[in-house]
Structure formats: structure tokens, C-alpha cells
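Report on one structure; see the data block that follows.
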Amino acid sequence: MDEDWTRALLTRIADDPEPPARIDIQAARCLGRRRVRARLFAQVAAGPLAIALAVGAIVIAPHALVARTQHPVPAAPAARPSATKATPPAPAPAKFNPLVPYATFGWLPSGFSEGGVSRLWTNPFQSGTDSLTLGAQDTSGRTLLLTVYPRGACRVGASAASAGAGSGLPAANCLIDTTPKAASRAPAINGRPAWYAVGEDGISWEYAPGAWAILDAAAAGQVPGEAAVPAKPGLFAVSEPTLRSIARSVRYGQRTPIVFPFRLRGSGQLGGALPAGWELTSVSFSLKGKTLVGSAITAGPAGDASALSISAIEPDGYGCKFVPGQSSYVTKYGVAWIDRITAEVNSNDEVLCSTGLGPAGLVHGLQVFIYLEANNPADKQALAGVKSLAGAFAVYARMELLGADPASWTKDPVG
Amino acid sequence: MRASREAEYTQYVEARLGWLRRTAYLLCQDWQGADDLVQTAITRLYTHWGRARDATSLDAYTRTILVRTFLAERRTPWARRVVLPGGYPDQPARSHDEDARLDVRAALERLPPRQRATVVLRFYCDLPVDEAAEVLGITPGTVKSQTAKGLASLRDALSPVMEGRYG
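Sequences listed follow chains A and B, in order.
Last residue of the first sequence: 1612 (the numbering used here), numbering continuous.
Last residue of the second sequence: 174 (the numbering used here), numbering continuous.
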């Protein structure tokens, strides 16, 4: 009866009198928020690789990559936009083009500039929910995140949590919770409804009929990657009037495409750059001068939109990390790689990165990361079409680096 | 994360805090370590909340984070990311029953971390072999062998206790 005996013993130990808990849920939320934000600013591969970077250890990948702090050049101070400047909103699209960001900041407070990596993505876990996230920082690391959703993507009203158990409300990826517990009415933004999140440093507003945007001001002292201590709550990046001014000035309907210094060529076997049924789902980009420079793409089939992530970035002194016992050095195609930079990724997944060290660790001056999932993390089933990619090295073999001249770059990285 | 999702997260963690602490206590064998482990695990849960809330079983997802966090901390000289302030007051004098509990805890503590996690998952969380294997990221065969070794070690260490105090 070993098993029953063990069960009884464990239950008995677990029933030991508990001292008061020292667990701080608010601190977990605070630190978690910083990590989520950090991954948006990490200039590395999008999707799971970026998540690995932010979380640092167990679920996906420990210490796989280290982010660098972005220190964008501060924008020249501009006049605060007028509160009375309201124009009739054009209808928002029901779906965004991942290669052409729909919105841009119109005004930022002194010291802030658009920087880091912005992402346009399809939610990997709730297909069909697109969003565009733009980041801005100042030199001290204070962060602003603007997330714009297409028409119909957000549900406005009570969340399942706010409504209580048994409410029958489904979870929603974009939820503008307007219940008093979660939100308070904010002054209208360009004549349309807006809400502050209670206890949060953000504002949401309807920028066009049925289309919403959220501006989130991070706590001060944002640190990409791992942080040693939780952020001190209550230190927000900007004041409420400034938050509203930024919101009022956001410009929609932009048509400037992202250009990429790399392309994934098609293959005869695939009939294109990606397997049948896969599509480009996420793009990371940054603003350099007046050019939107793509640094990473993510693609996948329905249900696992981040199955493949590719990035090519300028080396920043960090990059991927060799983990003894888990990683191996490989030289292939004349490039020095670290293969399988962590064993914490699902065992059949591949994580490949050029070392970024010395000429052999760079490709045309860029550091390349490739992440390829074998199974859908949600249901552990083998991904349809993934075998036709023939592994991360085969993906790299089809990558075409387009040099340093933006004139030769492409608007279609999977064309 | 929007306020509504923060509320969902907070509601969930508050509701599961006792369960998480008890499981962490069995893994760590001390409350301070347990609280540190839970603090780290719920921080990670926050960063994965979008994925976690869509998981087939949110509890299973959370338990996986907890156990893997525990194993990672034991596997590597891991710099603690969250240090909770303060400690616990001195414990009252032990009773005879508490001595027995301490014997059991000491025996459990002597198990290697992965073996201990296997035993806890199988016999406290009541997970079948396949699910325990998934949480631990090892094969079902390894779970079986780790379980057998763990039980044997506990039996050897606690035979006198079992006969004299728990019998």
C-alpha cells in the first residue's frame, strides 16, 4: 500500500499550519507587466522567441536571449495637439495588413520618441484578432505603448471576471471593460468615448465606429528582460492630460510599408515561401529616420500563428546564449551558429541563432534567429506543413539577405 | 494587459493561492521557499496569461509553471529574481506529532528534486503518469522509474515512523 501511504503522508504535510503568506500578487502583476513590455521592445525574433526572452526560464526558454535597452533619440519637442482638433473618423478596416502599419503616433511629449520594436500581429491563440502595437520610450526607459485594434475586434462592456462566475460571457482578447470596477469615464477623445482603466496607467478610446485603441503608460524604470525587483507601483510615464493629448494625436490610415533587409525565398516543394495554409501573422519593425525597418516576421498555420519566427538584426552585443549541456556550436553555410539554445523549448522545436560574434557569426552584418515549432503548443499535435520546411537550417538556406542599402530591401519578406 | 484581464488574473490567483502554496511547500519543504516559488510562478503566469486562460486546463497550466520553476531553480545556480521581504517568526515548540511530521518532511527533502516533484505530482496532485510526464517534461517511463525510486527511498527512511507513529 505504498501509494496510499504516500498519499496520506503528503496530505498530512500539506495540512501543516500555514504561516501568513508573503506572496504579493500586485508585485507579480507589476513585474509581469514590465516583462511583457520588455518583450515588445526586445529587438529579437518575434513570437515564442521573444516570449522566451521576457520570461527567462521555465515554460518556454530560460536565458535564451538577452534584450538590450533601447535608447531612442528623443524627438524634438512639438506643440501639444489642440483638444478641439477633431476630424470625422474614417471607417477602420476589419483586418490590418501586417506589412503596412495602420496607425502612428502623431505627437509625443518632450523626451519621448518612437523607438524599440513595434509589432503588428495576429493573436497566436485567438486567430482573427489583429492588433498593431507601437512603442515609444524616453532615455530613462519610461515607456508608452499604443495598441490599435481593427473594427470589431474589441468587445465593449463587462468582462467575464467583472460579471462574476456563471455570467456566460466568453473571454475576449480585446475587452474594453466599462464596468465601474474596471473603468472610469474619461473625457472624449476627438469626440468619441474614452475610458480610463481603474488603478491602471492607461486610456482606451473608440477612434472610429466600432474600432478601439489603448494607450498604456508603463511604470517608470522599465528594464527589458529580467528585472531584479518589482517596479514601484504608481510611477507612471506621463500624466493624464498628456495621455489624452497623445491619444488625440494618433494618426490612422497610414500607408507607409515596412521594408525588410531579408526575404524568405520560395521553394519548388512548398510552392511558395511558406507551407500551404500558413500565413504571415506578425511583423516586428522599428522606425529609423523615416523608414519603417522590419526586423522579424512570424508565420504559422491556423491555430498556431507563431510556429515560425525569423529575425535578422544588427548585433547588439547580447544575442543568444550558449547553455552548457543544452546547446551546441555548429558551423554551417559558413556561419557560426548556436543550435538549440535551450532544452526548455518543447523537445522537437528548433531554436537556431547565429552567434553574433565575429564575421562568421554574422550574415551580411546581421545576426539571424530562427525559431521553428514542431507541435502546436496548445494541443501538442504535430503542425500541418511543418515537415515540408525541413528544419530551421533549411529555412535559413532559403533566406536571402539583401545587404545594407535600403534601396534593395523588400516590402514582401515572404514573396 | 487590460484591466479586465488583470482582474481575471488576480481573481484566479487569489482563489488558487492556498493550493499553490501547499503544493510549493511539498516541493520546497519550507514556507519561505514555497512563497518565493509561488511568487515567481505567478509572475510567469502573468506574462503568459493570454495563453494560460485559453489553455484546456488553467490549473494544469499553472501547476506546470510552478513545478518547472521549482526544478529550474534546483537545476541551476539561479539568481533569484524576486526576493520577498521579511521572514517568519520563530515556530512554537514542537509536539510529538510535529516531530513525526518533521521526520516525513526530512525524508521527502532527501529525495532529489525531480524525484520529489514526481512523487508530489503523482500522489498529492493525483496526476496519472502521462500527465505527470507532461508537466515534468520527461517520458512516462521516467516518471514510473522516478516514482518507484522515490517510494522506495521514503519507505526505507520512514519505516520506523510508519510503524511507530503513523501505524
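C-beta atoms are modelled at their ideal positions from N, C-alpha and C, and glycine is treated no differently.
1) Can you tell me the Cα-Cα spacing of Pro1217 of chain A and Leu1305 of chain A, whole angstroms?
2) Taking C-beta to C-beta, are Ala41 of chain B and Arg28 of chain B nearer than 7 Å?
3) Tell me, please, whether the CB atom of Ala1502 of chain A is closer than 7 Å to any CB atom in chain B?
4) Leu1471 of chain A to Ala1587 of chain A, Cα distance in whole Å?
5) Let me make sure I understand the geometry here. Which of A:Thr1488, A:Thr1495, A:Phe1457, A:Val1490 has the alpha-carbon closest to that of Trp1475 of chain A?
6) With a threshold of 7 Å between beta-carbons, can Val20 of chain B be considered close to chain A, or not?
7) Restricting to Cα atoms, I'd like to know which of A:Phe1566, A:Met1596, A:Thr1301 is closest to Arg1537 of chain A.
8) Under 7 Å, do Ser1145 of chain A and Gly1558 of chain A count as touching if we go by C-beta distance?
9) Check whether chain A comes within 7 Å of Gln46 of chain B, counting only Cβ atoms and requiring the distance to be less than that.
10) Using a C-beta cutoff of 7 Å, does Arg112 of chain B count as contacting chain A?
11) Roughly how many angstroms lie between the CA atoms of Thr154 of chain B and Arg121 of chain B, to the nearest whole one?
12) Give the range of the alpha helix (DSSP H) segment to which Ser1551 of chain A is assigned.
13) Is Phe1302 of chain A helix, strand or coil by DSSP?
14) Taking 7 Å as the threshold (C-beta atoms), are Ile1510 of chain A and Leu1489 of chain A in contact?
15) Taking the beta carbon of Glu138 of chain B as the centre, do at least 16 other beta carbons fall within 10 Å, making it buried, or is it exposed?
16) What residue does the alpha helix (DSSP H) around Gly40 of chain B start on, and which one ends it?
17) If distances are taken between C-alpha atoms only, which option among B:Ser166, B:Thr146, B:Leu73 comes closest to His55 of chain B?
18) Going straight from the alpha carbon of Asp133 of chain B to that of Asp1546 of chain A, what length do you get?
19) Below 7 Å between beta carbons: does that hold for Ile1400 of chain A and Leu1341 of chain A?
20) Is the Cβ of Leu1207 of chain A closer than 7 Å to any Cβ of chain B?
21) Residues of chain A with CB closer than 7 Å to the CB of Leu161 of chain B, please, in chain order.
22) Which residues mark the beginning and the end of the beta strand (DSSP E) in which Gln1614 of chain A is found?
23) Alpha carbon to alpha carbon, what distance is there between Gly1450 of chain A and Ala1493 of chain A?
24) Under the DSSP definition of a beta bridge, which residues are partnered with Val1456 of chain A?
25) When you compare only the Cα positions, how much space is there between Ala159 of chain B and Leu118 of chain B?
26) Between Asp1221 of chain A and Leu52 of chain B, what straight-line distance do the alpha-carbon atoms span, to the nearest angstrom?
27) Which word fits Pro99 of chain B, buried or exposed, when buried means at least 16 other C-beta atoms lie within 10 angstroms of its C-beta?
28) Would you check if the distance between the CB atom of Arg1460 of chain A and the CB atom of Pro1603 of chain A is smaller than 7 Å?
29) Is any beta-carbon of chain A found at less than 7 Å from that of Asp42 of chain B?
30) Rounded to a whole number of angstroms, what is the C-alpha to C-alpha distance between Leu161 of chain B and Gln46 of chain B?
31) Buried or exposed: which applies to Arg1382 of chain A, given that a residue is buried once 16 or more other Cβ atoms fall within 10 Å of its Cβ?
32) Chain B beta carbons: is any one of them nearer than 7 Å to that of Asp1199 of chain A?
33) Answer yes or no: does any C-beta atom of chain A fall closer than 7 Å to that of Ile49 of chain B?
34) Using a Cβ-Cβ cut-off of 7 Å (strictly less than) and excluding sequence neighbours within five positions of Phe130 of chain B, which residues of its own chain qualify?
35) If you draw a straight line from the C-alpha of Pro1367 of chain A to the C-alpha of Ala1408 of chain A, how long is it?
36) Between B:Asp37, B:Arg23, B:Trp26, B:Arg12, which has its C-alpha nearest Asp61 of chain B's C-alpha?
The answer reads as follows:
1) Taking the first sequence and counting its residues from 1, one reaches residue 1217 of chain A at position 20. Taking the first sequence and counting its residues from 1, one reaches residue 1305 of chain A at position 108. C-alpha separation (whole angstroms): 45 Å.
2) On the second sequence, position 34 is the one that residue 41 of chain B refers to. On the second sequence, position 21 is the one that residue 28 of chain B refers to. Closer than 7 Å, so yes.
3) Within the first sequence, numbered from 1, the residue matching residue 1502 of chain A stands at position 305. Not an interface residue.
4) Mapped onto the first sequence, residue 1471 of chain A falls at position 274. Mapped onto the first sequence, residue 1587 of chain A falls at position 390. So the two alpha carbons sit approximately 12 Å from each other.
5) Position 278 of the first sequence, counted from the start, is the residue given in the question as residue 1475 of chain A. For the residues A:Thr1488, A:Thr1495, A:Phe1457, A:Val1490, the minimum Cα distance to Trp1475 of chain A belongs to A:Thr1495.
6) For the purposes of this step, residue 20 of chain B is taken as residue 13 along the second sequence, with counting starting at 1. Closer than 7 Å to some Cβ of chain A, the Cβ of Val20 of chain B qualifies, so yes.
7) Your numbering for residue 1537 of chain A matches position 340 in the first sequence. The option with the nearest alpha carbon to Arg1537 of chain A is A:Phe1566.
8) As shown, chain A starts at 1198 and ends at 1612. That puts residue 1145 of chain A outside it, with no answer to give.
9) One-based indexing of the second sequence puts residue 46 of chain B at position 39. Answer yes: the Cβ-Cβ gap between Gln46 of chain B and chain A drops below 7 Å somewhere.
10) As a working mapping, residue 112 of chain B is identified with position 105 in the second sequence. It does: the Cβ of Arg112 of chain B has a partner Cβ on chain A nearer than 7 Å.
11) For the purposes of this step, residue 154 of chain B is taken as residue 147 along the second sequence, with counting starting at 1. For the purposes of this step, residue 121 of chain B is taken as residue 114 along the second sequence, with counting starting at 1. Thr154 of chain B and Arg121 of chain B: Cα-Cα distance of roughly 10 Å.
12) Within the first sequence, residue 1551 of chain A is the residue found at index 354, counting from 1. From DSSP, Ser1551 of chain A is part of no alpha helix (DSSP H) but of the beta strand (DSSP E) over 1547 to 1551.
13) Reading the first sequence from its first residue, position 105 is the one you call residue 1302 of chain A. Looking at Phe1302 of chain A - three-state DSSP - the assignment turns out to be coil, as it is neither helix nor strand.
14) One-based indexing of the first sequence puts residue 1489 of chain A at position 292. One-based indexing of the first sequence puts residue 1510 of chain A at position 313. In this structure, Ile1510 of chain A does not lie closer than 7 Å to Leu1489 of chain A by Cβ.
15) Indexing the second sequence from 1 puts residue 138 of chain B at position 131. Buried, since its Cβ has 16 or more Cβ neighbours within 10 Å.
16) Along the second sequence, read from residue 1 onward, the residue named residue 40 of chain B stands at position 33. Its alpha helix (DSSP H) spans residues 38 to 54.
17) Position 48 of the second sequence, counted from the start, is the residue given in the question as residue 55 of chain B. Minimum Cα distance to His55 of chain B is reached at B:Leu73.
18) Mapped onto the second sequence, residue 133 of chain B falls at position 126. Mapped onto the first sequence, residue 1546 of chain A falls at position 349. Near 29 Å, if we compare the C-alpha coordinates of Asp1546 of chain A and Asp133 of chain B.
19) Stepping through the first sequence from its first residue, residue 1400 of chain A is reached at position 203. Stepping through the first sequence from its first residue, residue 1341 of chain A is reached at position 144. The answer is no: Cβ separation not under 7 Å.
20) As a position in the first sequence, residue 1207 of chain A is number 10, starting the count at 1. Taking Cβ atoms only, chain B reaches closer than 7 Å to Leu1207 of chain A, which makes this a yes.
21) The count along the second sequence starts at 1 and reaches residue 161 of chain B at position 154. Those within 7 Å of Leu161 of chain B in chain A are Thr1203.
22) Outside the displayed range of chain A (1198 to 1612) lies residue 1614 of chain A, so it cannot be described from this structure.
23) Within the first sequence, residue 1493 of chain A is the residue found at index 296, counting from 1. Within the first sequence, residue 1450 of chain A is the residue found at index 253, counting from 1. Roughly 23 Å separates the two Cα atoms.
24) Reading the first sequence from its first residue, position 259 is the one you call residue 1456 of chain A. In the DSSP output, where bridge partners are listed per residue, Val1456 of chain A has A:Val1490.
25) Within the second sequence, residue 159 of chain B is the residue found at index 152, counting from 1. Within the second sequence, residue 118 of chain B is the residue found at index 111, counting from 1. Going from the Cα of Ala159 of chain B to the Cα of Leu118 of chain B covers about 10 Å.
26) Translated into the one-based positions of the first sequence, residue 1221 of chain A becomes position 24. Translated into the one-based positions of the second sequence, residue 52 of chain B becomes position 45. Spanning the two alpha carbons is a distance of roughly 14 Å.
27) Here residue 99 of chain B is taken as the residue at index 92 of the second sequence, counted from 1. Any reading at Pro99 of chain B needs caution, since the residue's pLDDT is 39, under 50, leaving its predicted position unreliable; the model's value is listed next. The residue is exposed, with fewer than 16 neighbouring Cβ atoms inside 10 Å.
28) Taking the first residue of the first sequence as 1, we reach residue 1460 of chain A at position 263. Taking the first residue of the first sequence as 1, we reach residue 1603 of chain A at position 406. No, Cβ-Cβ distance for Arg1460 of chain A and Pro1603 of chain A is not below 7 Å.
29) For this step, residue 42 of chain B is matched to residue 35 along the second sequence. Yes - at least one Cβ of chain A is within 7 Å of the one on Asp42 of chain B.
30) Position 154 of the second sequence, counted from the start, is the residue given in the question as residue 161 of chain B. Position 39 of the second sequence, counted from the start, is the residue given in the question as residue 46 of chain B. Distance between the alpha carbons of Leu161 of chain B and Gln46 of chain B: 29 Å.
31) Here residue 1382 of chain A is taken as the residue at index 185 of the first sequence, counted from 1. Exposed, by the Cβ-count rule.
32) Taking the first residue of the first sequence as 1, we reach residue 1199 of chain A at position 2. So, interface residue.
33) Stepping through the second sequence from its first residue, residue 49 of chain B is reached at position 42. It does: the Cβ of Ile49 of chain B has a partner Cβ on chain A nearer than 7 Å.
34) Position 123 of the second sequence, counting from 1, holds the residue named residue 130 of chain B. Hits under 7 Å: none found.
35) In the first sequence, counting from the first residue as 1, residue 1367 of chain A sits at position 170. In the first sequence, counting from the first residue as 1, residue 1408 of chain A sits at position 211. Residue confidence is low: Pro1367 of chain A scores 41 on pLDDT, short of 50, so the model does not pin down where it sits. Its coordinate-derived value is still stated next. The alpha-carbon atoms of Pro1367 of chain A and Ala1408 of chain A are separated by roughly 19 Å.
36) Taking the second sequence and counting its residues from 1, the one referred to as residue 61 of chain B is at position 54. Per the Cα distances, B:Arg12.
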